[in-house]
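Only one structure is covered here, and it is reproduced in the block below.
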Amino acid sequence: EQDVADYRKNLSIRVSGFDVPRPVKTFDDCGFPPPLMSAIAKQGYEKPTNVQCQALPVVLSGNDVIGIAKTGSGKTAAFVLPMIVHIMDQPELGKGEGPIGVICAPTRELAHQIYLEARKFAKPYGLRVSAVYGGMSKLDQFKELKAGAEIVIATPGRLIDLLKMKALTMKRATYLVLDEADRMFDLGFEPQIRSIVGQIRPDRQTLLFSATMPRKVEKLAREILSDPVRVAVGEVG
Ligand code: ADP
Ligand code: MG
């Protein structure tokens, strides 16, 4: 267990788990390839945020992660950047079908925000990103998924509908993110989340991000993550 306090920002970072890699101080420390470094610079990101410093090396090393940090701390890039590296590493990238990275978010607004960020980092690699959520034509989304996407960002209900319609297969999905897990529970998506997780191969990497960790979310995390590293960023007070 490490206990690091950043007094300048009045934040404490608690990390617990096995074989936890050391935090990074810069994006260079992450060993990202040049096209990704350029995309990061283009975004105006000079250095990783607190949660990114700790979570990036842990996610990049292939661990499952429980990330607890409040809104605005930069959680999206903490799972999107390693997702691009993960996808580019897949020997099946040029073959097969269906997404390799799957991100679930509670609302269409959040799914759309993640989509915008993912698209910027996916672009230099020509990776296709699809966002699917309620309030948009299911048929259009069906067609888009059928055409192919390496990354799918979805609200749980709409993803279940599209899986039932066989718009996509999860057979090569190996990187699953549950973002804002507490809000997904508040909105009653637990059964849909369980169903989605049940359709993704067990040798996946699973990341769960949440602003809070109620008992029900903790229980789900224990069931679907394997030996997760916990990264918690909170105020010292
Ligand atoms: P969270 O998911 O924790 O609420 P976001 O991922 O939405 O936070 O990020 C919050 C804001 O911070 C976004 O506008 C994002 O572009 C910006 N941001 C993320 N990482 C960095 C960084 N390393 N440097 C500067 N800005 C960043
Ligand atoms: Mg977020």
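Numbering-wise, the working numbering comes out as the position in the sequence shown, counting from 1, plus 3.
Beta carbons: idealized from backbone N, C-alpha and C, even for Gly.
The model shown is predicted, which means the values in this text are computed figures rather than measured ones.
- A Cβ-Cβ separation of about 5 Å places I156 in contact with I106 under the 8 Å criterion.
- When secondary structure is reduced to three states using DSSP, I103 falls in the coil class, being assigned neither helix nor strand.
- Taking the CA atoms as reference points, T52 sits about 13 Å from G70.
- According to the DSSP secondary-structure assignment, Y178 is paired through a beta bridge with G104 and Q208.
- DSSP places A44 in the uninterrupted alpha helix (DSSP H) bounded by P37 to K45.
- Here the alpha carbons of C56 and S41 stand approximately 18 Å from one another.
- For V61, the enclosing alpha helix (DSSP H) begins and ends at N53 to L63.
- With 7 Å as the limit, the residues whose C-beta approaches any heavy atom of the ligand MG more closely are T74, K78, T79, L113, D182, E183 and F212, in sequence along the chain.
- Taking 4 residues as the shortest admissible run, the stretch 108–163 contains the following complete alpha helix (DSSP H) segments, listed from N- to C-terminal end: 111–125 and 141–150.
- In this structure, DSSP gives R233 an extended state, which the three-state scheme calls strand.
- If you ignore the 5 residues before and after P26, its C-beta comes within less than 7 Å of the C-beta of C56, Q57 and P60, all in its own chain and listed in chain order.
- As summarised for the stretch 63–89, the continuous beta strand (DSSP E) elements at least 3 residues long and confined to that stretch are 68–71, given in chain order.
- The residue among G137, K141, A170 and L162 with its C-alpha nearest the C-alpha of A150 is A170.
- Contact between the stretch 83–101 and the stretch 121–138 is present: three or more C-beta pairs spanning the two stretches fall below 8 Å.
- DSSP places V23 outside both helix and strand once states are collapsed to three, so it counts as coil.
- For T52, the shortest C-beta to heavy atom distance toward the ligand ADP is below 6 Å.
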